[in-house]
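> One structure is given below, represented as structure tokens, and several questions about it will come after.
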Amino acid sequence: MQRYNIITEVGDGTFGSVWRAINKESGEVVAIKKMKKKYFSWEECINLREVKSLRRMNHPNIVKLKEVIRENDTLFFVFEYMECNLYQLMKSKGKPFSESEIRNWCFQVFQALSHMHQRGYFHRDLKPENLLVTKELIKVADFGLAREIISEPPYTEYVSTRWYRAPEVLLQASVYSSAVDMWAMGAIIAELFSHRPLFPGSSEADEIYKICSILGTPNQHTWAGGLQLAASINFQFPQSGSINLSEVVPTASEDALNLISWLCSWDPRKRPTAVEVLQHPFFQVIIFPMSFRTTSDDALTRFMA
Ligand code: ADP
Ligand code: MG
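Residues 1 to 305 (the UniProt record's numbering) make up the sequence shown, in order.
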């Protein structure tokens, strides 16, 4: 750690605090996550999920783990530095994001998810605080809860922030999959439009209540598996009809609303995969790179013509 100058704290989460720091030798700015738990051997560190999953993933939209340091039984992760997280950006920016900004970010996140899911990992804790932004670039961070799809169920330990938690996780399914990340993305996209969480439950029961009040109570047709899950834990769904998503996310286009509803399908098997999402009409527009746009507006007009 002598090799770094620690500057300021930029985040404090469940498992560690994150600091902005500078590599004294190279001058490079990095983010250092200091883990709260003590680690008494290297073996323990190397086996951590965050280390195992991040070391295997190399993608422009997944935050890069540069090194792992263990000093005096304290574990530090050194990451590339990102300017802020999406939650901070939503809070600090007074006006809503434009649909093209949202589209650009989501396109990148789904590419990262497609990469992860195809390599057999799912994140399990996607939320605005775990999506880091620098200018136009967005990266998925915080792999503390990532897990290998092939690893053995049941997955019963603490999982994910409530507002973005998929219904099968709320109903304590012992087996679930990458579809939990798709659910979270549906809730996140809606929030990017409205700057308000889509399902802000104040408890687990209230979370299900909030979902029912928008999607309508699930039935045999929409989620037969969910009725079985509920029965197995003696849970009764609150009775509610569905509402039009456009009532809660009024600024989203038809394509965006259609994508959000698909992602937030009650039944995990009905949700799209990341690869399918990337083919959705919401993303079927020409995205001009910024460099092209700034070179000359004339060039853009000519190109469009
Ligand atoms: P936790 O497991 O404690 O939630 P995170 O890895 O999500 O830890 O980090 C907590 C916060 O620290 C993030 O929400 C973000 O604001 C900030 N942070 C994390 N990694 C970076 C990074 N590479 N660059 C800049 N800020 C970061
Ligand atoms: Mg986090």
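Every residue gets a Cβ at the ideal spot worked out from N, C-alpha and C, and that includes glycine. All figures in this text were calculated on a predicted structure; none of them were measured in a lab.
1) Does the distance between the C-beta of D142 and the nearest non-hydrogen atom of ligand 3 fall short of 7 angstroms?
2) Return the CA-CA distance between residue 308 and L54, expressed in angstroms with no decimal places.
3) Nearest by alpha-carbon distance to K127: which of G186, Q118 and E83 is it?
4) Any idea what DSSP makes of R196, helix, strand or coil?
5) Quick check: does the Cβ of G13 come within less than 7 angstroms of any heavy atom belonging to ligand 2?
6) Taking 7 angstroms as the cut-off, is the CB of F40 close to at least one heavy atom of ligand 1?
7) So, N61 versus I138, is the Cβ gap smaller than 8 angstroms?
8) Under 8 angstroms by Cβ, that's how I've got K64 and E80 pegged, so tell me the actual separation to the nearest angstrom.
9) Where does R3 land, buried or exposed, given buried means 16+ other C-beta within 10 angstroms?
10) Just tell me which of G144, Q172, A230 and Q284 has its CA closest to the CA of C45.
11) Given P272, which residues of its chain have a CB within under 6 angstroms of its CB, disregarding the five upstream and five downstream residues?
12) Would M116 be called buried (16 or more neighbouring beta carbons within 10 Å of its own) or exposed?
13) Residues in its own chain within less than 7 angstroms of Y39 by CB, not counting five upstream and five downstream?
14) Can you give, in chain order, each stretch of the alpha helix (DSSP H) that sits fully within the stretch 40–123 and has at least 4 residues?
15) Quick check: is any heavy atom of ligand 2 less than 7 angstroms from the C-beta of E129?
16) P197: which of E204, I188, S203 and L257 sits nearest, CA to CA?
17) May I have the straight-line CA-CA distance separating L102 from N85, to the nearest angstrom?
18) If you follow the beta strand (DSSP E) that E9 is part of, which residue opens it and which one closes it?
19) Could you please give the first and the last residue of the uninterrupted alpha helix (DSSP H) stretch that includes residue 306?
Let me spell this out:
1) The ligand content of the structure shown is limited to ligand 1 and ligand 2, which means ligand 3 is not among them.
2) Nothing about residue 308 can be reported from this structure: the residues present for the chain run from 1 to 305 only.
3) G186
4) coil
5) yes
6) no
7) yes
8) 4 angstroms
9) exposed
10) G144
11) Correct list, in chain order: W262.
12) Only buried fits M116, as 16 or more other CB atoms lie within 10 angstroms of its CB.
13) C45, R70, D73 and L75
14) 42–46, 49–56, 86–92 and 99–118
15) A heavy atom of ligand 2 is found nearer than 7 angstroms to the CB of E129.
16) I188
17) Per the sequence shown, the amino acid found at residue 102 is Ile instead of Leu. If you draw a straight line from the Cα of I102 to the Cα of N85, it comes to about 14 angstroms.
18) Y4 to D12
19) No answer is possible for residue 306: it lies beyond the span of the chain, which begins at 1 and ends at 305.
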